[in-house]
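Chains as they are written, first to last, in my numbering: chain G, 2 to 309; chain S, 471 to 754; chain Z, 68 to 387; chain V, 46 to 365; chain F, 112 to 609. The C-beta atom is built at its ideal place from N, Cα and C for all residues, glycine as well. Here's the structure we're looking at; comments come further down.
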Amino acid sequence: MLNFVIKRLLMLVPVFLAVSMIIFLIIHMVPGDPIDNMVQIGSSPEQRAELIAKYGLDKPLLVQYGVWFRNLLEGDLGNAIILRRPVAELIEENLPHSLLLGCLAFAFSAIVGVASGALAAIYKDSWIDRGVMTLILLGSTLPSFWLGLLLILVFAVQLEWFPVSGARSWSALVLPVLTIGLHGVALVSRVTRAAMLDVGRRDFVLMLHAKGLSHRRIQLQHVLRHALLPVVTILSLRIGWIVGGAVTIEFVFARPGLGSLLITSLNQRDYPVVQGCLLMLAMAVMLGTLLGDLVQASLDPRVRDSLK
Amino acid sequence: MSRLRKSSALSRTLGTWRGGVSLLCILIVVGGALFAPWLAPYAYDIQNLSATNQDPSWAHWLGTDEFGRDVLSRIIVGARTSLTVAITAISVSVLVGMSLGAAAGYFGGLFDRLVSAVVDLTWSFPEVLIALMFVALIGAGLEATMIAISIAYLAQFARLTRAQVMSIKSETYVEAAVNLGAGHIHILFRHLLPNAITPVIVAGMLAMGDAIILEATLGFFGLGVQPPKPSWGAMMSSGTAQIFLAPWTILGPGLAIAFTVVSINLFGDALIEALDIRNRLRDN
Amino acid sequence: MALLTVRHLCVSIGRLQPLDGVTLELDKGQILGVVGESGSGKSLTAMAVMGLLPLIGGHISRGSIDFDGTELVGLNERTYRAMRGQRLALITQNPMTSLDPMHTVGAQIDQVALLHLGFSAAQARTRTLELLAQLRIPDAATVYQQYPHQMSGGMKQRIVIAMALAGDPDLIIADEPTTALDVTIQAQIIQILVDLVRQRGLALILITHDMGVVAQACDKVVVLYGGRVAESNSVHNIFARPAHPYTRALIGCIAQTGQARGSLKGIPGVVPGVGDFASGCRYHPRCDHAQDRCQSEVPLLQANDAGQVACLFPEGACRG
Amino acid sequence: MSAKLLEVRGLTRTFTSRNGLFGRKRVMTAVADVSLDVPRGQVTGVVGESGCGKSTLARLVLRLLEADQGQVLFEGVDLASLSASAMRRLRRRLQFVFQDPYSSIDPRYTIRAALLEPSQVQGEHLHAAAATDRINSLMAMVGLNPSLAQSYPHQLSGGQKQRIGIARALALQPSFLVLDEPTASLDVSIQAQIIALLEKLQQELGLTYLFISHDLGLVRYFCDRIVVMYLGRIVEVLPSADTPPRHPYTIALMESTFEPDPAKRRVITRLNGELPDAFNPPPGCAYAARCAHASDRCRSERPALVLRDGHELACHHPPT
Amino acid sequence: QDATFVINARENGFPTYNPLKGTKLNVANNLIFDRLVVQDADHSFHGQLATSWESAPDGMSWTFKLRKGVKFHDGEPFNAKVIEWWLPKFKGTENAYMTESIDKIVIIDDYTVKLVMKNPDPALLFNLATSFMGVPSPKSYEALGDKFGVAAAVGSGPFKLESFTVGQQTKLVRNEDYRWASDLSKNQGPAKIKNLTLREISEDSTAFLELKTGGVDALLSVPTDFLPKLQAEKSIKVVMLPGTEVFYMPINTSVEPFTDIKVREAVALAVNQKEIMSSLFGGTGAVANNFLVSSLQESKINPKFNISYNPDRSKKLLDEAGWLMGAGGVRAKGGVPLTVKLWTQNGTQFKRVTEVIQAQLKAVGVNAEITVQDAASINAMYKKKTDHQLAVRSYDYVNADILDWFFSGTRLGYPNISMWNDPKGEALNAKAMKGSKTWDERVSNFKAYHEYIMSQFLFAPIYQPTQSFAYSTTRLKMPDNIRGIKLATQSIMDIEVK
Ligand SMILES: Nc1ncnc2c1ncn2[C@@H]1O[C@H](COP(=O)(O)OP(=O)(O)OP(=O)(O)O)[C@@H](O)[C@H]1O
Ligand SMILES: Nc1ncnc2c1ncn2[C@@H]1O[C@H](COP(=O)(O)OP(=O)(O)OP(=O)(O)O)[C@@H](O)[C@H]1O
Ligand SMILES: [Mg+2]
Ligand SMILES: [Mg+2]
C-alpha cells in the first residue's frame, strides 16, 4: 500500500509539469497586465516601462515560464506583483481558512448527504423519501450566494444565533459551512440513494434477508457500505472544491481563502499568485483522487487487493 | 408480447406522474421563451425612470426594476437567454465531451491517458473559476459564458462517455460485429455511440438545470449576457444590490430558476427510471 | 405430519400471477426436487416459502404454507425473520454474487450464529470453522478470513452452504445451487448436499432444471410448468412412468450415453412468460398429445400412481 | 479439395494482467501450443472446464484475437498473412455463434436490422424487398416466425435469440462455423431444440463445425471428434464419439455427468480440488494435483501429446 | 472603547502599509503614519508634523518648521534628520513622481528643513498631504526592509498597527503617547478609541447587515442602494460628504464617427445627467458638467464650456453632421446606421449608468451596444487604441492634474482613452503641469487647459457621487463637523465610543 502511494505520487510529477505549463500559458493569454494596477496617476510612461522590466514581463513568454519553473523546482513560488509578498506566504495565510471551511463543508455534505440519501433509500417511495429528496432538490436550485444571504437573514439577523460574517470565531463558520455544504448534500444524497437502490437489488442482499437479518441492518451494515464507493469517487473528484470552490461564499461572508485570493488576483492579473493558487488546486485534486482511491481501498477488499 | 414491452422509454417516462407533470412544466417554460414577445406584457428594455423599483401591482405583476422596467416581462424574455445558454452550452459540451470521451475510450492508450488527465483536471476546478478564466480570455458576452459553461461541464460528459464506451467495447455484440467484418467506423457509430448516448443525454438534461444556476452565479460576478438583454442570472445579480430595497426583483427570477430546474430534474429522474435497463428487463 | 406442506400457493406480483396453485409436501430427511424450465416459478416458490416475496414486490394471494405446524402465510415479519436462517435456510442460485464482497466469508457465516443462536463471537467462530471442516474445505482457518473475491466459484458455493447450515435449520431450499458451476464442481456440491441430508436428517428442496441431478439426488420430484404443478411423484415413478407429457419431454431433452445422432428433439415452441400463458392447459401449445379440450379446460391436479398429475390425458389414459 | 478445412498449428496466446495500476505484471497462458485439424463437413468438439481456454481458442481461430504464436490455415491460407480488408472479406466464410445469446445482439437493433447487418458491413446493399426476402428465408431457416423481425432482442426468449445468432452467422453463407457453447445459457428443453437445429443445418448446408462445450454428454452425442482441453492445453483427442476415454481427466469428466436415470444412481467419484492457478501453472502435468494416479514424474515433467492408435493422449500413466 | 469599522470596499485587498512603495493605501495608513500637512474639507492645508511652511516667491524652495516632541511608535524621535533620510527614499519606487520636483533637502536646524526644488511645483503641498507621504520610522523601516508595511508598520500616528491580514482586517491600537494631532481635530491627546478594527467586506449586503445587527459600528462608505434602508434605521445615522469621484464617458476621437466634433458634441449633449442622478442615485450626489470634482477650484470654469443635457441641440448637430433619422429610430449616413460600441466594466453602478446612457443615446437616434468586461481586460483593450468608441468610467481623485493623466498626448490609448493629442492641448498641458509658480497661477493654468478640453468634447460628464458613511448612534459619537476631504484621521481622532 505504501509502495502504491509512493508510486502514485511519483507519477504526479509529469502531470504536474504539464499542468504547470498549461496554467502558465492560460494565465498569460488572458488580456490585461498587473502593471495597470500599480501605476500611479501622474507617473510617466517611462516609469511604467521600468516596472514592466522590473517584473520581467517584457521577456518572451517561454523565458518567463522557464524562470518561474526553475524557481518552482527550488520550492519558490515567486513573489506577488500586486500583493508584494512571497506567493507561498499568501497561500500559507489563506489556505488554512479554505481548508477549514472546505473540510467542514465537505464533511457536512458527506455526512448529511449520505445520511439523507440512506434514509431516502431505506424508506424508498415513502413520504420520508419524497420529502427529503424534494427538499434537497429545492435547496440545490438556489444559487449559493443567494442561499448564503438567506441564511444570514434568518440565522444572523432574525435569530441572532451566529455572526453575519467574518472569520474570527468558530460560530462564524456555521453559516458558510451550511451554505456550501447544502449544495454538496444534494449531489451526495442523490448518488447515495441511487447507489443504495442499485446495490439493494444485488443477489447478496437476498441472501442476507434469507439469513434473517432485519431490513434496516442490511441497509446500514451492508448496502450502505457498497453505496459509499461511488460516493467516494464523486467526493474525491470534488476535493478541488475544498481548496478553491468557496469563492462566492468567501465574498458573501467576507472570509479569507484561496478562492477569493485567486479571483482577486485573477482580476488584477497578479500572475504569480494565480499560478500559485492554481497549482495548489491541481495538487489538491491529484491528492484528492489518491485519497479517494485509498478510502475506497479501505472500504472494499477487492480494491485493496488490486492496490497491493 | 405484452403491450408493456412495446412502449418506448418516453411514453414510459410520461406514464409516471412525475414524468408527465415535469414535462408539462418544461413545456410551459419553453413555450414562454418561444412566444416571449407576444406573452410579455411590456417590452423588456423600455425604461421608465420615473417609476423605478415599484411594488408589484396590477399593472406590473412582479413590480419594476431599478430602471422602471417590468420584471415579469423581463423574466419571460430572460427565459430565452437562460434557456439558450443552458441548451447551447450543454449541447456543445455533450458533443465535444462525447467525441473526446468516445475516442479516448475506444482507442485507449496514451491518447486516453492524456485526455483523461486533462478532463479530470477541468472537472475539479470550480466552474466559476473556469468561467472567469475564459471570460477573461475571450471577453465577456453570452458566447464567452456559453463556452465557459460548456467547458465546465465537458469533463463530466467525456468521463461518462468514456466509461460507457469502455464497457460497451467489450460487449459481445461489438465482437459479433467484428466477426461479421465491420470496421472502426461502423463499430463506433453504429454500436458504441448509440448505446452510450442514453446516460449522457440524461446527465445532459440534469446539467441543463445546473447550467441555468451557473449562469446565475456568473451573473453574480458580473459576467454573462450583455445589457439590456435580460437573463434570469443577470436579473438576480443586479437584483442582489437591491435585495433590501426591491426584493421582488430577485424573487421573480429566483422562482423561475427554481421552477425550471426542479422540472428538469424531475423529468431527468423519471427518464432515468424509464431508461433503466433493469426496468426494461422486468417488463420482459 | 409432513415438515412442510404447501397448498394451492398463488403468488401475485403487480397484476401478474406467476404462481397459480402450487402444492407440495416434504418430510424430514427427504430431498424434494423441483424442476421446470426457466420462468416456471421455481425460484418464486422458494421465495414464497422463505417469506421474501416483498423484496421483489410480490405477495401470496392464496394458499397456505404449513411448516412444522406453523402457518407461514400471514406470519408477522418479526417471527418470520427469527425463523429465517435458523429454521429455514436458502442457498441461492449464483454463488458468485451471493456473498457480500466487502466482508470476510467467516464474518458472514458467523452472522447467523450470532443472530439466531445467541453465540459469542468466539463461539461463532469455532462453530464456523467446524462447519467449514465438515464441508471438506481444506485450511479452514485461512478461508475463514478470506474475502469472496479471493476464492473460486465452487468454494464460494460451499461457503453459501455453510451459511445455510450455520443456523442448524430444519429445511434448506437450494435454488439451482450448481447451475453456475462446472460439471466436476457440480458433482462435488451435489454430493455434499446429499450427504448432509442423509447425515443430519434435515429436509432439502433442490431446485434445478437438470433431470440428471434430480435422478441422482432426489427422493421426490415436483415438475412445474407455467407456475402450476404439472406432476409430482417419487423420483422412481417419475422416471419410470412419467404421466405428464411435459415430464416425458423434459427427460427426453438430455443426451444420454450412446444415444443416436438426430434423436434429440427438445420441446418445441418457447417457454411462455407470465402474461403469455395459454388458456386451458398451459402446456398444450407445445404438447404433441394435445386435444381440443386441452385448450379450454384447466387440468386439475389428480392423484395418480402414488403421485399427482395435472393432465387431462395422462400417460395411462392416453393409451387407453 | 483437401479433407482438412482448417488447420491449427501451435497456437499460443498469453494474457498479462496487472494487479492494480502498479501491481506486478502477471502472465497467464490461456492457450498453449494447441494444434488441431478440422475436417471438412464434420463436427469437431472441444470440451473442458470453465477457464481452460476454449473461448480463447475459438477467438484465435477466427482471428478475433491475435495469436502470440502459431498459425491458423483456412483452406491452406494463413489467416495472419491476410491484410485487414482481406480478412474482413474472408469473414464471410468463417462465422461465430456466441456463447451468450443475450448479449451478442445489439439491444438497439431490431431483429431485422441485426439480420441485415452482415450484408451491410460486407458492403452489399439490398432493396427493401430483397432485404425482406432475405430475412424471411433466414428466419425460416432457423425455424422462427418472420413476424418477429420487428421485435427488439429483449422481447425474445433466449432460444429465439440464439436462433437469431445462428441466422446472423448463416447470413453470409459461411462454410465454417465456430459454435462457442451455443446452448450453455439455455434451458435443457431449448438446448435440445438448438442442437437439433444445428444438426439439420449441417446436413442441409454441408457446414463444418467447431463445437465448444463443457458438457461431455452433449459433445459425445453431437460430435465426430472430441478434443479435450485442460488449462490451455489439449490433453486428449478422441477420434470418435464412442472411443473410450483414456486420460484420467476425461474419465473424471464423464463420471461427473449425471445420467437421468435414478436406477443408475451411484456415489459420485469426487474429483477433488479445482483448476490450478493459471498464473502459476505447476511444472509438470497440470492435472497432477487432482489426479488419483499422479506420480512424482507427473508433478515434474509435462507429458507430451502423443498419437497412438489414432488416439492422441497426453498422460504418463494412462489407465489401461 | 473598542470599535469596528468596515472600510470602503474599494480599498479592499490593499496589500501594504508601506507608504513609500505602496501604490494603494487604505484609510488605516493615515492612522499609523503622520504626514507633514493634512487637508480640510475645503482643501485648505493644515500642519501636522510641520507646524508652518513657506515657499520662496519663485517657487524654487520650501521651508518647513517641524513639530517638536513627536516620537515614532518605536520610540525614535522625529526631527529634520528624518526628513533628510525620508524624501530621497522615494527614488526608484513606484511613488517616485511625488518627490520628483525636489532637488535636495537642506537641514536648517533640528526642526527646520528646506526643500530645494528643480522646478516650481505648487502641487507640492497637495502631494505632501497624500497618504504616500506618511512618515515611517527610519530605524524600523531600515530594519524591516521588504517586510515593512506587511509584517509591521511603524509611524508616529495616533494608532499602532497590531495585526494586518490582507483582504480581511487591520487591527489597530491607540498610541497612548499621541499628543500631536493636527488642529483639525478637537482632541489633541490620544485617540478616544482604544482598539480599532478595520474590516474589509466585499459584499455590500453583508456589510449592511453587519451594521444593522451591531456586528460593526460604522461603514466608511455606503452604496447608494442601501441609503434609504439605512436612513430608515433608528439607531443608524448616515452622513454625506462632498464627492471625490466623477463618472464620465470618454469618446475615442480617433475613430469614426467621433472624428467629427459635431457628433462628439451631440453625444455629450444627449446625456441627461439630472435623470441619472435622480433615478439611479436617489437624488444624492451632484451632476457633473465638466471633468473635475466641484470642490476643486479648477472646476469653476466659464459656464459656457460646461456640458449639460440638450437633446434638441444634440439632434440638430447630428442632422448637421449628416446622420439622419432612419428606420427603427436609429440614425444613418450613406446607409450606415449610427451604431457605436459602449464599453463598461463590471460592477453594478457602471452597468446601471451605462444602461441608462444607452437608452438616452437611443433617444437621439444613436444605437449603442454595450459590452461589459472586467477592468483589467478593458484597459488592455483601450491600449489597442482603435477598438473602442464610447465607454463609461469613473475616477476618484481630487487634484486638477488628473487632466494631464487622462488627456496628455504621451499616454494615448490608456489612460488617454479619448486619444486626444493636439499641439494646443499639449502646450496648455505643459504650462499647467510645469509652468506654474504659485498655487493661484496653477489654478488658472489648469482652468485654461480644462476649458480647452471641454471645448473639444472629448468626453461627456455624467455624475458625481457623494461620499456617505453610516454609523451606529448607539455606539459612536461623531464630531459635528467632518474635517478633511474624507472621513479620515482628522475626524476619527474625535470619534467617541459610548
Ligand atoms: N420481480 C418480478 N416481477 C415480475 N415478474 C417476476 C418477478 N420475479 C419473477 N417474475 C416472473 O415470475 C415467473 C417465475 O419466475 P421464477 O424466478 O420463479 O422462475 P424460475 O423457475 O426460478 O426460472 P429460472 O430457471 O430462470 O431461475 C417468471 O416468468 C418471471 O418472469
Ligand atoms: N481478454 C482477456 N484478457 C485477460 N484474460 C483473458 C482474456 N480472455 C480470456 N482470459 C483468460 O483466459 C482464460 C481462458 O479463458 P476462456 O474464456 O478461453 O475460457 P473458457 O474455456 O471459454 O471458459 P468458459 O467455459 O467459462 O467460457 C481465463 O482464465 C480467462 O480469465
Ligand atoms: Mg430461478
Ligand atoms: Mg468460454
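Could you check what DSSP says for residue i in three-state terms: helix, strand or coil?
| i | result |
| --- | --- |
| Phe67 (chain V) | Here the model assigns Phe67 (chain V) a pLDDT of 49, short of 50, so the residue's position is not dependable, and the following value carries that caveat. Three-state result, Phe67 (chain V): coil. |
| Glu431 (chain F) | helix |
| Phe306 (chain Z) | helix |
| Asn129 (chain F) | coil |
| Val164 (chain Z) | At residue 164 (chain Z) the sequence reads Thr, which differs from the Val that was named. Three-state result, Thr164 (chain Z): coil. |
| Asn300 (chain Z) | strand |
| Gly445 (chain F) | coil |
| His184 (chain F) | coil |
| Lys309 (chain V) | helix |
| Met705 (chain S) | helix |
| Tyr506 (chain F) | strand |
For residue i, which residues in chain V fall below 9 angstroms Cβ to Cβ?
| i | result |
| --- | --- |
| Ala241 (chain Z) | Within chain V, no residue comes near Ala241 (chain Z); the closest Cβ sits about 15 angstroms away, beyond 9 angstroms. |
At 8 angstroms on the CB atoms, spell out the chain Z contacts of residue i, in chain order.
| i | result |
| --- | --- |
| Val282 (chain V) | By Cβ distance, chain Z contributes nothing, its closest Cβ being about 19 angstroms from Val282 (chain V), past 8 angstroms. |
With 16 as the cutoff for other CB atoms within 10 Å, does residue i come out buried or exposed?
| i | result |
| --- | --- |
| Ile747 (chain S) | Confidence at Ile747 (chain S) is low in this model, with a pLDDT of 46, below 50, so the placement of that residue is unreliable and no value is reported for it. |
| Gly262 (chain V) | buried |
| Leu66 (chain V) | With a pLDDT of only 46 at Leu66 (chain V), under 50, the local geometry of the prediction cannot be trusted, and no value is derived from it. |
| Gly325 (chain Z) | exposed |
| Arg208 (chain V) | buried |
| Asp113 (chain F) | exposed |
| Leu435 (chain F) | exposed |
| Ala614 (chain S) | buried |
| Met208 (chain G) | buried |
Report the neighbours of residue i on chain S: residues whose CB is nearer than 7 angstroms to its CB, in chain order.
| i | result |
| --- | --- |
| Asn119 (chain F) | Here the premise fails: no neighbours, minimum Cβ distance about 16 angstroms. |
List, in order along the chain, the chain F residues whose C-beta lies closer than 9 angstroms to that of residue i?
| i | result |
| --- | --- |
| Val253 (chain G) | Ser313, Glu314, Ser316, Thr317 |
Mind pulling the chain V residues with CB within less than 7 angstroms of residue i?
| i | result |
| --- | --- |
| Gln326 (chain Z) | Tyr266 |
Show which residues of chain G have a CB atom less than 7 angstroms away from the CB atom of residue i.
| i | result |
| --- | --- |
| Gly354 (chain F) | The premise fails here: Gly354 (chain F) is roughly 17 angstroms from chain G at the closest Cβ pair, so nothing lies under 7 angstroms. |
Quick one: list the residues of chain G neighbouring residue i, beta-carbon separation under 8 angstroms, in chain order.
| i | result |
| --- | --- |
| Arg82 (chain Z) | Those do not exist, as Arg82 (chain Z) stays about 18 angstroms from chain G at its closest Cβ, beyond 8 angstroms. |
With a threshold of 7 angstroms (Cβ to nearest heavy atom), would residue i be considered close to ligand 5?
| i | result |
| --- | --- |
| Phe60 (chain V) | What this structure holds is ligand 1, ligand 2, ligand 3 and ligand 4, not ligand 5. |
Just checking, does the stretch 443-453 of chain F make contact with the stretch 476-486 of chain F on the three C-beta pairs under 8 angstroms criterion?
-> yes
Please list the segments of the beta strand (DSSP E) lying wholly inside the stretch 221-261 of chain F, counting only runs of 3 or more residues, in order along the chain.
-> 223-228
Check whether the stretch 586-593 of chain S touches the stretch 628-639 of chain S, taking contact to mean three or more Cβ pairs, one atom from each stretch, closer than 8 angstroms.
-> yes
How about the stretch 185-195 of chain Z and the stretch 140-155 of chain Z: do they share at least three Cβ pairs that are nearer than 8 angstroms?
-> no
Check whether the stretch 421-428 of chain F touches the stretch 392-411 of chain F, counting contact only when three or more Cβ pairs, one atom from each stretch, lie closer than 8 angstroms.
-> no
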